[in-house]
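J.:
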Amino acid sequence: MLFAQTLASLQPQDKGWRATVGEDWSQGRATFGGMVAALANEAMRRLVPPDRQLRELDTVFVGPTLAGPVHIEAEVLRVGRAVTIASARLWSADKIAATLTGAYGAARSTAISLLPTAPVGVARAEDLPDPGPGLDMGASFLQHFGFRSAEGTRPFTGSTVRKSKTYVRHRDTGALTESHVVALVDCIPSVTLQTMSAVAPSSSLTWNVQFIKHDFSFAPDAWWRIDAEADAAGDGYACESCVVLDPSGAPAAFSRQMVAVFG
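Each position in the sequence shown, counted from 1, maps to that position plus 288 in my numbering.
1) DSSP three-state label for Ile-434, please.
2) Would Thr-319 and Leu-345 be called neighbours here (beta carbons separated by less than 9 Å)?
3) With H, G and I counted as helix, E and B as strand and the rest as coil, what does DSSP make of Ser-543?
4) Give me the DSSP bridge partner(s) of Val-487.
5) For Ala-292, tell me which candidate among Leu-464, Val-324, Gly-434 and Thr-454 has the shortest Cα-Cα distance.
6) I need the DSSP call for Ala-538, collapsed to helix, strand or coil.
7) I'd like the list of long-range same chain contacts for Val-410, defined as Cβ closer than 8 Å, with 5 residues on each side in sequence excluded.
8) Note the first and the last residue of the continuous beta strand (DSSP E) segment covering Ser-452.
9) Can you tell which of Ala-510, Cys-475, Arg-340 and Thr-494 has the C-alpha that lies nearest to the C-alpha of Arg-369?
10) Where do the N-terminal and C-terminal ends of the alpha helix (DSSP H) with Phe-291 fall, by residue?
11) For Asp-460, does the count of other Cβ atoms within 10 angstroms reach 16, so buried, or fall short, so exposed?
12) Please state whether DSSP places Ala-312 in a helix, a strand or coil.
13) With distances taken Cα to Cα, identify the nearest neighbour of Leu-403 among Gly-551, Ala-548, Ala-540 and Met-546.
14) Checking the sheet assignment: what are the DSSP bridge partners for Ile-373?
15) Going by the beta-carbon positions, is the gap between His-502 and Leu-342 smaller than 9 Å?
16) Does Arg-306 come out as helix, strand or coil in the three-state DSSP assignment?
17) Can you tell me which of Gly-304, Phe-433 and Asp-382 puts its alpha carbon nearest to the alpha carbon of Glu-363?
18) Could you give the distance in angstroms between the alpha-carbon of Arg-396 and the alpha-carbon of Val-367?
19) Going by the beta-carbon positions, is the gap between Thr-480 and Glu-414 smaller than 9 Å?
20) Given a threshold of 16 other Cβ atoms within 10 Å of its Cβ, counted over all protein chains shown, does Leu-327 qualify as buried or as exposed?
21) Which same chain residues end up closer than 6 Å to Ser-478 when comparing Cβ atoms and leaving out the 5 residues on each side of it in sequence?
22) So which of Val-350, Tyr-392, Ala-399 and Ala-391 has the shortest CA-CA distance to Arg-377?
23) Would Glu-330 be called buried (16 or more neighbouring beta carbons within 10 Å of its own) or exposed?
24) Would you tell me roughly how many angstroms separate the C-alpha atoms of Ala-518 and Ile-500, rounded to the nearest one?
25) In the segment 467 to 530, which residue ranges form an unbroken beta strand (DSSP E) of at least 3 residues, counting only runs that do not cross its ends?
26) Is the CB-CB distance between Val-309 and Val-358 below 9 Å?
27) State the Cα-Cα distance for the pair Arg-317 and Gly-551, rounded to the nearest angstrom.
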């Protein structure tokens, strides 16, 4: 199922919503976390007016989301003058799989304007080679995205470099939405894995994404870029951060995650 088709499968059911996730969105035995977050965001969006833009999305991955039907419960926790706080819980095989909190805020006039700067001197996506077969590493969901690497290496190459710069885009030709970009932010492998020499499983525990731009008018096949860095790792856990640049080259979102590494 294409990304847009999976989002469109979200339908009201039992005071919540039901959606269907295909096997092609699997990441090992679980569903790709970006799809999980996107579906939960879509459920919360049913309760939040569109003029309140997604400012922050916090996700805790409690357990694996399996392919097949999922059930999502969502509620509004508070409505303020400018900000609505909502929460969602996603269930898979009758078990809680993820909990999310979304902060949706309308624009307000302010004297503060601090714009992040984008790195310069990075090769264009069009000038970089297609990685070709062999990137999936057992993650079926990667077939739905395009990739070009401007910096960093593939996972498990024992690199001393703890940063990466990766161009990404959806293969779905449908119009981009907020939830499309939520999924894009999560589609690259954990940058910590490129420093490891042996193959080992990993799993995101928590994930936070903050939007600073809300322009989704780009062509579906336009390249976004994720500049990621492993901030620290030890005791089987890694802390990572990234900046997401939109196709115009402007920073659009920031993200942080904690990853459990089993190796």
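For each residue, glycine too, the CB sits at the ideal point set by N, CA and C. Since the model is a prediction, treat every value here as computed from it, not as a measurement.
T.: Quick answer:
1) This sequence places Gly at residue 434; Ile is not what is there. Of the three classes helix, strand and coil, the one that applies to Gly-434 here is strand, per DSSP.
2) no
3) strand
4) Bridge partners of Val-487: none, in fact.
5) Leu-464
6) coil
7) Ala-438, Glu-439, Lys-453 and Arg-513
8) 451 to 458
9) Arg-340
10) 291 to 296
11) buried
12) Inspection of the sequence shows that residue 312 is occupied by Asp rather than by Ala. Three-state result, Asp-312: helix.
13) Ala-540
14) Arg-366 and Ala-391
15) yes
16) strand
17) Gly-304
18) 15 Å
19) no
20) buried
21) Ser-490 and Val-547
22) Val-350
23) buried
24) 22 Å
25) 490 to 499 and 512 to 522
26) yes
27) 18 Å
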